[in-house]
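>
Residue numbers (my numbering): 8 to 1184.
Right under this line is the structure:
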């Protein structure tokens, strides 16, 4: 190599990262061939290049610019040709970009980079690419620990004022793209859009100048011979990169990764808006790292140490441990030992890990499993071996000293590089144990934890269980062999469980969770007398599984609650109460989410709960028209307040007095004395249902919100009407006073939330962002944040001072009915129609815990025209039953929410169904396929009915409309409007000319099908009308109601000819006998009654159901009657004897599951398991 004379050159360009990378690679190759495998020192490089050692150091750091000729000479000295990619021009003092309004930054778990060294050249390059070159996609690539994360944060911080929105997210936990988009889109749209898809993201990037940083992208990439390919299920990330790179917009995505994915490489070729930065070591950061570790040595020794580890800060921190431990901190002594120079970070970590004690290795595994900051007490609880607090602290101190863990405020975690390494080591060890039939780590560490926050549990499944199953399948090759291998381990565990005792604590739970992940049918499996810690039994069918004598400590289960309409936290935040569609109240420990008790007494849906100020009494209200007061200490009902003549939607406990206010569908407000249950006062004024009540914080004024579009204010003491806020066109569902008593939040049948200045009678803020009804609003304790729950399945958190949406909480799969804050104002609880209750961290937006309920309430029954098949619809599916079998002969799945009704076409070839998912489906009953999905209703579709000729399908729902559909094409023929309440049911006259409908507005309407004209309105019922049915000859129309009556109407003049009286609760379903001589009715009193039409007398009462009945249908033969409802059973009745001939039931989740002698669960948990079918002998 030619030696160059020293020259002074004019400065003008800076060595780029790519240029530095080329130089370093060439230097390393020459060092191997010409310098005895020793890295070039700065002094040697100065001799070779003609530049001073100081100049070379400054040039490599990127701090100083030189003229282009100097770089050419430098490259020529190493037989390289300088290209335009090898240098950059210094960034101008002021970027030429027009300033934008900076609105918000979300830094997630970004590092604190207040102490940051070097990287001037890289920062200048990235700044130019982002601000001047308008790059849409930038990749920062480099080996683990090199500083990619810190650089990405630093650049984002420096440029944040140049972007409207900046968001930094780590992909360390490998979130599926839809989860990531569910965070990005709401934030980048200012919480105006929650649709988690690429088109919504691209719109944000076009409309606003956004900077997105995604860190640790290697987590979603494969390793081995498929390096650079996305993991299975993560290929859509490639679509994200392509869309951002190829679509015109004004934003930038910065991606950091240890490897460059193939998709990025394809996009990068020749595209000016896509750049990649290959990050090398940072001399400044490396030097700072050495200084902070306290190592000693000459400057040349320190430089050589930096060079040997490519100036990788993390590698230097880790290797510093070996230098301190083995060489008393002397760098020179370490450098003399060539055997201690490790190739690559993995080998370095291997060396460090192998030198750890057993306890230290255990801690490292636990921190990798926990995947978040963990305290000492949690570690001590998890570790199987007996370890004192002092031993644990010492081990943690040693790990911290080795730079293998991080510490913050008494909590510990690992850097992403270390966590990935330990996770990978754990996975490989577990796969080896499973393959070889051993129980070591499998016994001492749980792979998933039911006690962690919900999003962490999902991550553990994704990043630990999924790779284990994948690699195990690769080794064993056949899925049935994987199941066989798990069975063998289960038997081995059973044989050794007594011997190992505590040492086998986690093996059983791990095996169970592996079975669960594989979705293996466990019917008949035997887990008796095993430790099953952290086993997740949620959302599983465990029919006839034997858990006798098993230890189910920390296991999680499906809960036996139904559709949740209301949640309420006690004033001290200790107890959560939920009310559901079974008429049951459940109490839970808010801290550990375990059930405490179930309060029964209501006979219908519970819509409201309210705690007394001292938290000792709970009030509840229901569609059954009662308010009940419960003693929380023993679960006893203290008083039942009766007086409302229709459903009670809302209650509110006075903040200082023993008074409860209630209101509902009868349009009145009542004050009750909680001591004796007596009604103190009745307030009138609203013209429609009253859905919500709220006392001012001082208890002086009560506000009421109604479907009549008004909020009325009433004096607490006298009940005097004070004033009205009129919101025309708005049906009000929820109101909440701010704790300052000056403003009130309003939600209703509108996607907008209003914050109303009550004193000045004006809308202070209009909160826009939801896409459907807002059912619930609630203030945090200090009144700074408002939460709103919506039918769009989201919860939004709003800044009370300016009306901005702070966060959108996503996770529910159905409308969110209720939200409630905890006493500390940092957590939120929500209840949904998806049968879940979720606990949220409002700071991060993460779902902390999910309580999953179960219900298979049967909403409707329908006989096929030939009487051979009975169709039932429930919360999950339509089931087809043959009377000769106890199990369904077919199951139709496709609806995403409760299926309210099913109806056979007259020819018996097609089944129509309607659902809370706003759709109607038409099914081919021979092959079980859904042939058509009819869209048009905007809310629940409550009922469907075929015209007698089978050509038209009628539907109705809670959007107050009736739809007529062409059964062949699926096109909507007409929409009939007129009801002012939900339309529950429709029925065709036998000649097909008239359609009858009934509604919660207490009326029945008769419609001319051809013209769509309303022919008549039948009034007389004093409450909701649930169902209508024509007599076979079409002369009489029968109706049933919440007013506990069945009415018979003349089809000729619309007059009520007869009332059938005698029921003690609401009547929800009626059915005519085929000969038209009898009517069957059923409802809330759990009985079926048979009525003689001629005499009007009840001739039979059929008893056997244990909860409300939703449907009763007469068999075409006239000798059989079927009924079904909330108790999840179908009963077939012999009409002649009045006896129950047969009971049909779908197996509950835990049907026949043996829990005799189980430990680790409470009595309340045991009762829940038994209610879901478990048996304790």
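Positions of the beta carbon are idealized from the N, C-alpha and C atoms, including for glycine.
Being a predicted model, the structure only gives us computed values, none of them experimental.
#1: Run the CB neighbour count on residue 923, radius 10 Å, all protein chains shown included, and call it buried at 16 or more, exposed below.
#2: Three Cβ pairs or more, each shorter than 8 Å: is that satisfied between the stretch 260-269 and the stretch 215-228?
#3: Measure the CB-CB distance between residue 994 and residue 1037 and report whether it falls below 7 Å.
#4: For residue 573, count the other beta carbons within 10 Å of its own beta carbon; 16 or more makes it buried, fewer makes it exposed. Which is it?
#5: Tell me whether residue 925 is buried or exposed, calling it buried when 16 or more other Cβ atoms sit within 10 Å of its Cβ.
#6: Could you spell out the range, first to last residue, of the beta strand (DSSP E) harbouring residue 1160?
#7: Distance, Cα to Cα, residue 333 vs residue 465?
#8: Taking C-alpha atoms, which residue in 842, 552, 620 lies nearest to residue 661?
#9: Would you mind giving the Cβ-Cβ distance between residue 645 and residue 663, rounded to the nearest angstrom? I have them listed as a contact below 8 Å.
#10: Run the CB neighbour count on residue 627, radius 10 Å, all protein chains shown included, and call it buried at 16 or more, exposed below.
#11: With contact counted as at least three CB pairs below 8 Å, one residue from each stretch, are the stretch 125-142 and the stretch 194-208 in contact?
#12: When DSSP labels each residue in this structure, what does residue 523 get in the three-state scheme?
#13: If we count the other Cβ atoms within 10 Å of its Cβ and call it buried at 16 or more, is residue 96 buried or exposed?
#14: Going by alpha carbons, who is nearest to residue 479 out of 129, 498, 972, 443?
#15: Which residue wins for smallest C-alpha separation from residue 275, given the options 408, 864, 251?
#16: Rounded to whole angstroms, what is the Cα-Cα separation between residue 6 and residue 1115?
#17: Look at residue 531 and residue 551 and say whether their C-beta atoms are less than 7 Å apart.
#18: Pairing CB atoms from the stretch 852-860 with CB atoms from the stretch 868-883, are three or more of them under 8 Å?
#19: Please report how far the alpha carbon of residue 720 lies from the alpha carbon of residue 1004, in whole angstroms.
#20: In this structure, does DSSP put residue 380 in helix, strand or coil?
#21: To the nearest whole angstrom, what separates the beta carbons of residue 1142 and residue 1126, a pair I think is in contact under 8 Å?
#22: Let me check understanding here. Comparing Cα to Cα, which of 317, 748, 785 lies closest to residue 767?
#23: Would the beta-carbon of residue 213 fall within 7 Å of that of residue 256?
#24: Quick check for students: name the residue ranges of the beta strand (DSSP E) that lie wholly in the stretch 992-1079, counting only runs of 3 or more.
#25: Around the C-beta of residue 966, are 16 or more other C-beta atoms found within 10 angstroms, so that it is buried, or is it exposed?
#26: Which class does residue 957 belong to by DSSP, given the choice of helix, strand or coil?
#27: What is the C-beta distance between residue 711 and residue 754, in whole angstroms, given that I count them as a contact (C-beta under 8 Å)?
#28: Below 7 Å between beta carbons: does that hold for residue 375 and residue 430?
#29: Just to confirm the assignment, what range does the alpha helix (DSSP H) spanning residue 397 have?
#30: Just confirm the distance between the C-beta atoms of residue 603 and residue 586, as a whole number of angstroms; I'd bet it's less than 8 Å.
#31: Report the rounded CA-to-CA distance for residue 185 versus residue 1095, giving the unit in angstroms.
#32: Please list, in chain order, all residues of the same chain as residue 771 whose beta carbon is under 7 Å from its beta carbon, the five residues on each side excluded.
#33: Contact between the stretch 296-303 and the stretch 377-390 is defined here as three or more beta-carbon pairs at a separation below 8 Å; is this criterion met?
#34: I'd like the list of long-range same chain contacts for residue 8, defined as Cβ closer than 6 Å, with 5 residues on each side in sequence excluded.
#35: Return the Cβ separation of residue 1135 and residue 1152 in integer angstroms, given the expectation that the two are a contact with Cβ distance under 8 Å.
#36: Kindly indicate which three-state DSSP category residue 349 falls into: helix, strand or coil?
Looking at the coordinates:
#1: As a position in the chain shown, residue 923 is number 916, starting the count at 1. Flag for residue 923 reads buried.
#2: yes
#3: For the purposes of this step, residue 994 is taken as residue 987 along the chain shown, with counting starting at 1. For the purposes of this step, residue 1037 is taken as residue 1030 along the chain shown, with counting starting at 1. Their beta carbons are under 7 Å apart, which means residue 994 touches residue 1037 by this criterion.
#4: To locate residue 573, count along the chain shown from 1; it is residue 566. Burial call: buried.
#5: Mapped onto the chain shown, residue 925 falls at position 918. Buried, because 16 or more other Cβ atoms sit within 10 Å of the Cβ of residue 925.
#6: By 1-based counting over the chain shown, the position of residue 1160 is 1153. Counting along the chain, residue 1160 falls outside any beta strand (DSSP E), and DSSP gives it neither H nor E.
#7: As a working note, residue 333 is residue 326 in the chain shown. As a working note, residue 465 is residue 458 in the chain shown. Going from the Cα of residue 333 to the Cα of residue 465 covers about 41 Å.
#8: Counting from 1 along the chain shown, the entry for residue 661 is found at position 654. Measuring from the Cα of residue 661, the nearest candidate turns out to be 620.
#9: Here residue 645 corresponds to residue number 638 of the chain shown, with the count starting at 1. Here residue 663 corresponds to residue number 656 of the chain shown, with the count starting at 1. Rounded, the Cβ-Cβ distance is 20 Å, inconsistent with contact.
#10: Translated into the one-based positions of the chain shown, residue 627 becomes position 620. By the neighbour-count criterion, in which a residue is buried when 16 or more other Cβ atoms sit within 10 angstroms of its Cβ, residue 627 is buried.
#11: no
#12: Reading the chain shown from its first residue, position 516 is the one you call residue 523. Helix, per DSSP.
#13: Counting from one through the chain shown, the residue named residue 96 turns up at place 89. Classification of residue 96: exposed, given that the 10 Å Cβ count is below 16.
#14: Along the chain shown, one-based indexing puts residue 479 at 472. It is 443.
#15: For the purposes of this step, residue 275 is taken as residue 268 along the chain shown, with counting starting at 1. For residue 275, the nearest C-alpha among the options comes from 251.
#16: Residue 6 lies beyond the stretch modelled for the chain, which goes from 8 to 1184, so this question has no answer here.
#17: For the purposes of this step, residue 531 is identified with residue 524 of the chain shown, where counting begins at 1. For the purposes of this step, residue 551 is identified with residue 544 of the chain shown, where counting begins at 1. Against a cut-off of 7 Å, the Cβ pair of residue 551 and residue 531 comes out as a contact.
#18: Counting Cβ pairs under 8 Å, fewer than three are found: no touch.
#19: Mapped onto the chain shown, residue 720 falls at position 713. Mapped onto the chain shown, residue 1004 falls at position 997. Taking the straight line joining both Cα atoms gives about 36 Å.
#20: On the chain shown, position 373 is the one that residue 380 refers to. In this structure, residue 380 counts as coil in the three-state DSSP scheme.
#21: On the chain shown, position 1135 is the one that residue 1142 refers to. On the chain shown, position 1119 is the one that residue 1126 refers to. Sure, about 6 Å apart at Cβ, within 8 Å.
#22: For the purposes of this step, residue 767 is taken as residue 760 along the chain shown, with counting starting at 1. The shortest Cα separation from residue 767 among 317, 748, 785 belongs to 748.
#23: Reading the chain shown from its first residue, position 206 is the one you call residue 213. Reading the chain shown from its first residue, position 249 is the one you call residue 256. The answer is yes: Cβ separation under 7 Å.
#24: For the beta strand (DSSP E) assignment, the uninterrupted runs of no fewer than 3 residues enclosed by the stretch 992-1079 are, from N- to C-terminal side, 1001-1006, 1010-1015, 1021-1026, 1032-1037, 1043-1048, 1053-1057, 1063-1067, 1074-1079.
#25: Residue mapping note: residue 966 aligns to position 959 of the chain shown, counting from 1. Residue 966 should be labelled buried.
#26: Here residue 957 is taken as the residue at index 950 of the chain shown, counted from 1. In the structure shown, residue 957 sits in coil (DSSP, three-state: anything other than H, G, I, E or B).
#27: To locate residue 711, count along the chain shown from 1; it is residue 704. To locate residue 754, count along the chain shown from 1; it is residue 747. So it is not a contact: roughly 14 Å between Cβ atoms.
#28: Position 368 of the chain shown, counted from the first residue, corresponds to residue 375. Position 423 of the chain shown, counted from the first residue, corresponds to residue 430. Yes, the Cβ-Cβ distance between residue 375 and residue 430 is below 7 Å.
#29: For the purposes of this step, residue 397 is identified with residue 390 of the chain shown, where counting begins at 1. 396-408 is the span of the alpha helix (DSSP H), which, as asked, contains residue 397.
#30: If you number the chain shown from 1, residue 603 lands on position 596. If you number the chain shown from 1, residue 586 lands on position 579. With 8 Å as the limit, residue 603 and residue 586 do not qualify as a contact, their Cβ atoms being about 15 Å apart.
#31: By one-based count along the chain shown, residue 185 stands at place 178. By one-based count along the chain shown, residue 1095 stands at place 1088. Looking at the two C-alpha atoms, the distance is approximately 48 Å.
#32: Numbered from 1 along the chain shown, position 764 holds the residue referred to as residue 771. So the qualifying residues of the chain are 750, 762, 763, 764.
#33: no
#34: Residue numbering aside, residue 8 sits at position 1 when the chain shown is read from its first letter. Any reading at residue 8 must be qualified, since the residue scores a pLDDT of 38, below 50, and its modelled position is unreliable; no value is offered.
#35: Numbered from 1 along the chain shown, position 1128 holds the residue referred to as residue 1135. Numbered from 1 along the chain shown, position 1145 holds the residue referred to as residue 1152. The beta-carbon distance between residue 1135 and residue 1152, rounded to whole angstroms, is 6 Å. This is short enough to meet the 8 Å contact definition.
#36: If you number the chain shown from 1, residue 349 lands on position 342. Confidence at residue 349 is low in this model, with a pLDDT of 46, below 50, so its placement is unreliable and the value that follows should be read with caution. Coil at residue 349, not helix or strand.
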